[in-house]
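Participant: One structure coming up, written as structure tokens, with questions to follow.
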Amino acid sequence: MSQAAHKNRTLIAAIGDEDTVTGLLLAGIGDIDAHQRANFVVVDSKTTQEQIEEAFTSFTKRKDVAIVLINQHIADDIRGILDEYSAAFPTVLEIPSKDHPYDPTKDSVLKRVQLLFGD
Numbered sequence: 006m007s008q009a010a011h012k013n014r015t016l017i018a019a020i021g022d023e024d025t026v027t028g029l030l031l032a033g034i035g036d037i038d039a040h041q042r043a044n045f046v047v048v049d050s051k052t053t054q055e056q057i058e059e060a061f062t063s064f065t066k067r068k069d070v071a072i073v074l075i076n077q078h079i080a081d082d083i084r085g086i087l088d089e090y091s092a093a094f095p096t097v098l099e100i101p102s103k104d105h106p107y108d109p110t111k112d113s114v115l116k117r118v119q120l121l122f123g124d
């Protein structure tokens, strides 16, 4: 991918619980593009696994997204798709939430780094 293509990737997308997404929106990551697509999804008890998968796939296909942040406890619901995802851009980072602490043994990025370095 050319360097010019990377310059168009200016957004951070978020898939998370209400507290996490609200905090990120207050920090200024929110965006709605010309096609009325938001760069964030709030996951609650009514959100289906298919909706989470659809949001993840949509964000990873967008050419304006550089980073996808996803709460780790939500990432666990789509672990298969996350483990198969291997593109450099957008980068997918698993983050903790207020009610669910970070568990490095589940983090797909950390697992790849450990494989790379033979740990």
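Heads up: the sequence shown begins at 6 in our numbering, then just goes up one per residue.
We put the CB at the ideal spot given by N, CA and C, even for glycine.
#1: How many whole angstroms separate the CB atoms of Asn-76 and His-40, which I take to be in contact at a CB cut-off of 8 Å?
#2: Taking the C-alpha atoms as reference points, what is the distance between Val-70 and Gln-119?
#3: Roughly how far, in whole angstroms, is the beta-carbon of Ile-57 from the beta-carbon of Ile-17, given that I think they are within contact range, below 8 Å?
#4: Where does Ala-60 sit, in a helix, a strand or coil, going by DSSP?
#5: Could you give the distance in angstroms between the alpha-carbon of Leu-31 and the alpha-carbon of Asp-24?
#6: Can you grab the Cα-Cα spacing for the pair Arg-14 / Thr-52, in whole Å?
#7: Going by DSSP in three states, Ala-39 sits in which element: helix, strand or coil?
Facilitator: So, from the data block:
#1: Rounded, the Cβ-Cβ distance is 25 Å, inconsistent with contact.
#2: 26 Å
#3: Contact doesn't hold; Cβ gap of about 18 Å is too wide.
#4: helix
#5: 11 Å
#6: 27 Å
#7: coil
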